[in-house]
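2 protein chains.
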Amino acid sequence: MQTVGELGEFGLIDRLTKLLPTSALVVEGIGDDCAVLRMHDRLLLVSTDLCLEDIHFRRDTLAPGQIGWKAAAASLSDIAAMGSIPLFSLVSLACPGNVKVSYIEELYRGMSNALSSFGAIIVGGDTTRSEQKIVIDVMIIGEPLGNRFLRRRGAIPGDLLAITGSTGASAAGLHAIQHGHAEPALVHAHATPHPRIAEGQWLCARPAIHAMIDISDGLAQDARHIANASGLGVNIAAARLPLIDPLAQYCAENRLDPLPFMLSGGEDYELAFALSPSDANETMNAFASEFTTPVTIVGEFTDEWTGGRLDGAPSLLTGFDHFKTPSCPD
Amino acid sequence: MQTVGELGEFGLIDRLTKLLPTSALVVEGIGDDCAVLRMHDRLLLVSTDLCLEDIHFRRDTLAPGQIGWKAAAASLSDIAAMGSIPLFSLVSLACPGNVKVSYIEELYRGMSNALSSFGAIIVGGDTTRSEQKIVIDVMIIGEPLGNRFLRRRGAIPGDLLAITGSTGASAAGLHAIQHGHAEPALVHAHATPHPRIAEGQWLCARPAIHAMIDISDGLAQDARHIANASGLGVNIAAARLPLIDPLAQYCAENRLDPLPFMLSGGEDYELAFALSPSDANETMNAFASEFTTPVTIVGEFTDEWTGGRLDGAPSLLTGFDHFKTPSCPD
Numbered sequence: 035m036q037t038v039g040e041l042g043e044f045g046l047i048d049r050l051t052k053l054l055p056t057s058a059l060v061v062e063g064i065g066d067d068c069a070v071l072r073m074h075d076r077l078l079l080v081s082t083d084l085c086l087e088d089i090h091f092r093r094d095t096l097a098p099g100q101i102g103w104k105a106a107a108a109s110l111s112d113i114a115a116m117g118s119i120p121l122f123s124l125v126s127l128a129c130p131g132n133v134k135v136s137y138i139e140e141l142y143r144g145m146s147n148a149l150s151s152f153g154a155i156i157v158g159g160d161t162t163r164s165e166q167k168i169v170i171d172v173m174i175i176g177e178p179l180g181n182r183f184l185r186r187r188g189a190i191p192g193d194l195l196a197i198t199g200s201t202g203a204s205a206a207g208l209h210a211i212q213h214g215h216a217e218p219a220l221v222h223a224h225a226t227p228h229p230r231i232a233e234g235q236w237l238c239a240r241p242a243i244h245a246m247i248d249i250s251d252g253l254a255q256d257a258r259h260i261a262n263a264s265g266l267g268v269n270i271a272a273a274r275l276p277l278i279d280p281l282a283q284y285c286a287e288n289r290l291d292p293l294p295f296m297l298s299g300g301e302d303y304e305l306a307f308a309l310s311p312s313d314a315n316e317t318m319n320a321f322a323s324e325f326t327t328p329v330t331i332v333g334e335f336t337d338e339w340t341g342g343r344l345d346g347a348p349s350l351l352t353g354f355d356h357f358k359t360p361s362c363p364d
Numbered sequence: 035m036q037t038v039g040e041l042g043e044f045g046l047i048d049r050l051t052k053l054l055p056t057s058a059l060v061v062e063g064i065g066d067d068c069a070v071l072r073m074h075d076r077l078l079l080v081s082t083d084l085c086l087e088d089i090h091f092r093r094d095t096l097a098p099g100q101i102g103w104k105a106a107a108a109s110l111s112d113i114a115a116m117g118s119i120p121l122f123s124l125v126s127l128a129c130p131g132n133v134k135v136s137y138i139e140e141l142y143r144g145m146s147n148a149l150s151s152f153g154a155i156i157v158g159g160d161t162t163r164s165e166q167k168i169v170i171d172v173m174i175i176g177e178p179l180g181n182r183f184l185r186r187r188g189a190i191p192g193d194l195l196a197i198t199g200s201t202g203a204s205a206a207g208l209h210a211i212q213h214g215h216a217e218p219a220l221v222h223a224h225a226t227p228h229p230r231i232a233e234g235q236w237l238c239a240r241p242a243i244h245a246m247i248d249i250s251d252g253l254a255q256d257a258r259h260i261a262n263a264s265g266l267g268v269n270i271a272a273a274r275l276p277l278i279d280p281l282a283q284y285c286a287e288n289r290l291d292p293l294p295f296m297l298s299g300g301e302d303y304e305l306a307f308a309l310s311p312s313d314a315n316e317t318m319n320a321f322a323s324e325f326t327t328p329v330t331i332v333g334e335f336t337d338e339w340t341g342g343r344l345d346g347a348p349s350l351l352t353g354f355d356h357f358k359t360p361s362c363p364d
């Protein structure tokens with residue numbers, strides 16, 4: 035009798051997927067960042083992110099507005115990963131009766147601010163009492179631009195792996211909070227992540243982009259999700275990973291290796307995508323003329339093997355598994 | 035500094051509603067059973083129900099398939115309350131790592147069975163680890179039949195209050211479970227409630243029905259929700275409430291008054307609606323020829339006063355407030 039902890043998050047999702055029926059109206063079901071549903075002549079995207087106190091956030095280290103922002107950002111990022119437009123959100127909240135009303139108002143203000151930044155609003159939800167801990171579930175509804183959206187699958191052999199922005203700052207920010215270090219830039223990256231909605235839509239409109247995911251569980255794991263879904267392997271070149279100054283400095287000061295942050299740190303909410311090599315230069319230049327967000331090629335996909343490698347060597351390249359990792363992001 | 039427990043569920047919802055922006059695409063926002071959203075030329079209905087272990091259910095008194103069924107039924111019933119069609123569901127689940135995989139599979143099978151009974155399917159969601167307790171959030175997406183749906187508001191003075199089926203069996207079933215009494219009919223009503231999807235759609239298509247709600251928090255409270263939303267008062271006639279045999283028998287055997295179960299017991303998932311008196315006979319007869327579900331007139335709406343009354347006398351007519359009631363349903 036196997037437990038959920040032994041099977042792990044992704045094993046459990048596989049088992050549940052086999053168990054549940056599907057329908058012709060489900061264009062993309064369980065397993066991608068959003069489900070894609072056919073409603074008459076339109077497509078609808080839906081996703082949800084569940085955040086639990088003391089698993090995903092702590093009340094003593096983040097302000098309620100930050101907790102709300104982060105919870106909404108996680109859902110918004112799922113819409114970004116499909117290159118789509120966020121529209122509406124439903125929020126389920128459970129909290130103990132002794133929480134101040136003003137605290138809950140700040141939390142909703144944080145969620146609403148994150149959603150409003152990208153044109154989406156809270157339209158309903160559910161509120162209920164919990165025994166001790168706060169529970170937040172943010173469901174988001176979006177729609178694709180012109181019926182086109184990007185999936186995790188679709189990378190082809192030889193495609194390059196590229197990422198927006200940089201990775202590791204959020205995990206280092208959490209590390210700084212946990213160790214009592216004042217690191218405003220890193221803590222900001224952790225507490226107020228910025229989902230790449232506009233960048234995702236732009237990338238989605240370009241045929242040179244074959245597959246996309248948001249980096250929520252760590253670059254290594256999320257890149258492997260694209261590879262697995264596409265039936266390929268992925269190699270990440272450590273030297274190519276963009277190392278931002280605040281992360282480099284923090285690691286130098288605290289004798290830490292930045293690489294695990296960059297590879298396995300969660301909650302960056304950047305985008306990772308598979309890019310046709312022949313269109314790479316033109317795409318990178320066009321992106322740079324459109325956005326201030328950097329974009330960097332950090333690896334490539336191959337059909338010579340499967341799984342994830344670092345500098346060509348088989349590597350565990352671990353990320354977060356919600357049932358297996360002691361401290362886990364969304 | 036007021037707490038959420040002092041303010042109560044409905045006070046909190048009022049405060050959050052004032053705080054949050056809305057948009058022209060929101061046909062019906064926070065405060066009804068579903069939000070109604072405009073997506074181009076179509077309407078979309080969405081709702082969510084959060085169920086927490088040891089608040090909404092206990093693992094030692096219900097089987098996992100029953101817990102799943104009940105969680106999905108609560109969301110389906112919100113679609114029934116608007117007279118609409120359930121289509122898709124997203125499920126967020128948190129559970130501790132030591133839960134058996136087979137337990138979670140049974141729970142999802144229960145949800146899937148409830149949804150499938152009404153033509154809806156699970157299309158995605160989120161899974162994550164919790165410290166000790168199971169958390170289930172079932173979000174549902176539906177659409178109205180021919181762009182018509184029923185709201186809580188819309189009752190007019192003189193309208194009759196009618197209900198499908200009967201109330202109190204679910205709460206009495208919970209009472210029986212908690213007191214170790216074997217009461218198969220009542221326990222079944224509690225463990226496997228049957229949302230009134232077809233009945234809701236039929237009622238919604240008739241202009242004689244002016245407003246509707248599902249009875250999830252207790253008839254008295256839910257009837258008052260219609261009255262409040264319509265700016266009216268509602269009077270319930272105790273003698274008119276349908277008292278089913280198993281409830282009558284259980285109360286007689288255990289020296290209990292059935293009235294509190296019928297008025298304040300939650301989770302019946304029947305429908306309560308406001309019915310034009312001039313069309314009442316014809317509507318009741320047509321309903322009876324279409325469904326085996328009974329329908330009963332149990333009160334009326336008035337503009338002479340506001341709030342809820344029982345047999346004409348002002349009465350607290352309490353129901354469940356998730357932050358104020360010690361044991362609470364969805």
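Residue numbers (my numbering), protein chains in the order written: chain A, 35 to 364; chain B, 35 to 364.
C-beta atoms are modelled at their ideal positions from N, C-alpha and C, and glycine is treated no differently.
Note that this is a predicted model, so its numbers are computed, not measured.
Got a sec? Which residues, its chain only, sit under 7 Å from alanine 282/B by beta carbon, not counting five neighbours each side?
In the same chain as alanine 282/B, and ignoring 5 residues on each side of it, the C-beta atoms closer than 7 Å to its own belong to Pro292, in chain order.
When the Cα of threonine 35/B is compared with those of Ile243/A, Ile331/A, Ser136/A, Ala257/A, which residue comes out closest?
Note on identity: in this sequence residue 35/B is methionine, with threonine being the wrong assignment. The candidate whose alpha carbon is nearest that of methionine 35/B is Ser136/A.
Can you tell which of His74/B, Trp339/B, Leu50/B has its C-alpha closest to the C-alpha of tyrosine 142/A?
Taking only the C-alpha atoms, the option nearest tyrosine 142/A is Leu50/B.
Would you mind stating whether glycine 342/A and alanine 257/A have Cβ atoms separated by less than 8 Å?
Going by C-beta atoms, glycine 342/A is nearer than 8 Å to alanine 257/A.
Coarse secondary structure for glutamate 140/B, derived from DSSP in three states:
In the structure shown, glutamate 140/B sits in a helix (DSSP, three-state: H, G or I).
Quick one: is serine 312/B buried, meaning 16 or more other Cβ sit within 10 Å of its Cβ, or exposed?
It is exposed - the Cβ of serine 312/B has fewer than 16 other Cβ atoms within 10 Å.
What residues from chain A crowd round arginine 49/B, counting only those whose CB sits closer than 7 Å?
Those are Val135, Glu139, listed as they occur along chain A.
Please list, in chain order, all residues of the same chain as arginine 93/B whose beta carbon is under 8 Å from its beta carbon, the five residues on each side excluded.
Taken in chain order, the residues that qualify are Glu87, Ile101, Ile168.
is_contact[phenylalanine 55/A, chain B] using C-beta, thresh 8 Å:
In the sequence as displayed, the identity of residue 55/A is proline instead of phenylalanine. Yes - at least one Cβ of chain B is within 8 Å of the one on proline 55/A.
How would you list, in chain order, the residues of chain B whose beta-carbon sits under 7 Å from the beta-carbon of glycine 39/A?
Residues of chain B with a Cβ closer than 7 Å to the Cβ of glycine 39/A are, in chain order, Gly131, Asn132.
Environment of alanine 232/A [buried if 16+ CB atoms lie within 10 Å]:
By the 10 Å Cβ count, alanine 232/A comes out exposed.
Three-state secondary structure (DSSP) of glycine 99/B
In the three-state scheme derived from DSSP, where H, G and I count as helix and E and B as strand, glycine 99/B is classed as helix.
Quick one: measure Cβ to Cβ for serine 81/B and isoleucine 113/B, integer angstroms, because I've assumed they're closer than 8 Å.
With a Cβ gap of about 7 Å, serine 81/B and isoleucine 113/B count as contacting.
By the three-class DSSP mapping on this structure, what secondary structure does cysteine 238/A have?
Three-state result, cysteine 238/A: helix.
Excluding the five sequence neighbours on either side, which residues of its own chain have a C-beta within less than 7 Å of the C-beta of proline 360/A, listed in chain order?
Bear in mind that a pLDDT of 45 at proline 360/A, under 50, signals an unreliable position, so the model cannot answer this.
Residues of chain B with CB closer than 8 Å to the CB of serine 264/A, please, in chain order.
The contacting residues do not exist; serine 264/A stays about 20 Å from chain B at best.
Quick test of your reading: glycine 159/A and serine 126/A, contact by CB under 8 Å. State the CB separation rounded to the nearest angstrom.
The pair is a contact, with the Cβ atoms about 5 Å apart (cut-off 8 Å).
Establish whether the CB of alanine 347/A and some CB of chain B are separated by less than 8 Å.
At a cut-off of 8 Å between C-beta atoms, alanine 347/A does not count as an interface residue with respect to chain B.
Can you tell me which of the three DSSP states alanine 245/B falls into?
In the structure shown, alanine 245/B sits in a strand (DSSP, three-state: E or B).
I think tyrosine 284/A touches serine 111/A, with their Cβ atoms under 8 Å apart; what is that distance to the nearest whole Å?
That pair is no contact at about 24 Å.
With 8 Å as the limit, tell me which residues of the region 78-89 of chain A have their beta carbon closer than that to any beta carbon of chain B; keep them in chain order.
Answer in chain order: Leu78, Val80, Ser81, Thr82, Asp83, Leu84, Leu86, Asp88, Ile89.
Excluding the five sequence neighbours on either side, which residues of its own chain have a C-beta within less than 6 Å of the C-beta of proline 229/A, listed in chain order?
The beta carbon of proline 229/A is closer than 6 Å to those of Ala107, Leu110, Ser111, Ala114, Tyr303 in its chain, skipping five residues each way along the sequence.
Taking Cβ-Cβ distances shorter than 8 Å, what residues in chain B pair up with tyrosine 142/A?
Under a criterion of Cβ atoms nearer than 8 Å, the residues of chain B adjacent to tyrosine 142/A are, in order, Leu50, Leu53, Leu54.
Tell me the start and end of each unbroken beta strand (DSSP E) in the region 183-232 of chain A that is at least 3 residues and wholly inside, in chain order.
DSSP runs (the beta strand (DSSP E)) wholly in the region 183-232 of chain A: 194-198.
Closer than 8 Å by beta-carbon distance: list the chain A residues that pair up with isoleucine 155/B, in chain order.
Per Cβ cutoff of 8 Å: Leu54, Pro55, Thr56, Ser57, Val60.
Where DSSP assigns a beta bridge to glycine 267/A, which residues make up the other side?
Under DSSP, glycine 267/A takes part in a beta bridge, and its partners are Thr336/A, Gly341/A.
For a cutoff of 8 Å on Cβ pairs, would you count aspartate 94/A as touching chain B?
No, because no Cβ of chain B sits closer than 8 Å to the Cβ of aspartate 94/A.
Starting from alanine 128/A, find everything on chain E with Cβ-Cβ shorter than 7 Å and list it in chain order.
Among the protein chains of the structure shown, namely A and B, there is no chain E.
Could you name the residues of the same chain whose beta carbon sits closer than 6 Å to that of threonine 326/B, not counting the 5 residues immediately before and after it, in chain order?
So the list is empty, once near-sequence residues are dropped.
Just checking my contact of threonine 340/B with leucine 253/B at CB under 8 Å: how many whole Å lie between their CB atoms?
In this structure, threonine 340/B and leucine 253/B do not form a Cβ contact; the two beta carbons are roughly 18 Å apart against a cut-off of 8 Å.
What residue from Asn262/A, Gly144/A, Ala245/A, Pro120/A has the CA that sits closest to leucine 96/A's CA?
Among Asn262/A, Gly144/A, Ala245/A, Pro120/A, the Cα nearest to that of leucine 96/A belongs to Gly144/A.
Flag this pair as touching only if the region 69-79 of chain A and the region 201-214 of chain A have three or more C-beta atom pairs under 8 Å; answer yes or no.
As far as the Cβ criterion goes, the region 69-79 of chain A does not touch the region 201-214 of chain A, which means the pair count is below three.
Residue range of the unbroken alpha helix (DSSP H) whose run includes methionine 296/A:
Methionine 296/A -> alpha helix (DSSP H) spans 292-298.
8 Å Cβ shell around arginine 163/B - same chain, five flanking residues per side excluded:
Residues Ala128, Cys129, Pro130, Gly131 of the same chain have their beta carbon placed closer than 8 Å to that of arginine 163/B, with the five preceding and five following residues left out of the count.
Could you tell me the boundaries of the alpha helix (DSSP H) in which cysteine 399/A lies?
Given a span of 35 to 364 for chain A in the structure shown, any question on residue 399/A remains unanswerable.
Considering only C-alpha positions, which residue in the set Val133/B, Leu59/B, Val172/B is nearest to phenylalanine 122/A?
Nearest option by C-alpha distance: Leu59/B.
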